[in-house]
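The structure under discussion appears below in the form of structure tokens.
In the numbering used here, the protein residues as written are 11 to 149.
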């Protein structure tokens, strides 16, 4: 159980570097831990897409936990621009899209991520997947 909590925390804590270290096709290289990827490469990503698979029967609990997490981010992270929950059309799969003002705001979120994720851990079926995005152009 403790390992799962750490892995979930690392998933959000390591969004920045781990996303850059992903192999083409969106999956992390085999045999690499998220922590190793974090240590390996810094990133300029300020937007993240995190996909969660939820255990059957846990949708309402997951959504309630997300709302609590969303409120904490809104109250404690002024550099967060958006923190949104989506469904991808599959009943047990959710996607969080989160945007930050700058790299300092991303670092602030990483410091809080493990505590934020603790509410979700019992609802998840496996580890989340994530992708970091670096803004190239905007209107």
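No residue lacks a Cβ here, since even glycine has one placed at the ideal position from N, Cα and C.
Values in this document were obtained by computation on a predicted structure and should not be read as measured data.
What are the residues that DSSP puts in a beta bridge with residue i?
i	result
residue 103	63
residue 142	58
residue 109	57, 92
Less than 7 Å between C-beta atoms, sequence neighbours within five positions excluded: which residues of the same chain meet that for residue i?
i	result
residue 110	56, 89, 90, 91, 116, 119
residue 71	133
residue 129	75, 78, 79
Is the Cβ-Cβ distance between residue i and residue j less than 9 Å?
i	j	result
residue 143	residue 59	yes
residue 82	residue 126	yes
residue 96	residue 104	yes
residue 102	residue 137	no
Using a Cβ-Cβ cut-off of 9 Å, state whether residue i counts as contacting chain D.
i	result
residue 145	As a matter of chain content, chain D is missing from the structure shown, which is built from one protein chain.
Apart from the five residues just before and just after residue i, which ones in its own chain have a Cβ nearer than 6 Å to its Cβ?
i	result
residue 108	58, 93
residue 112	none
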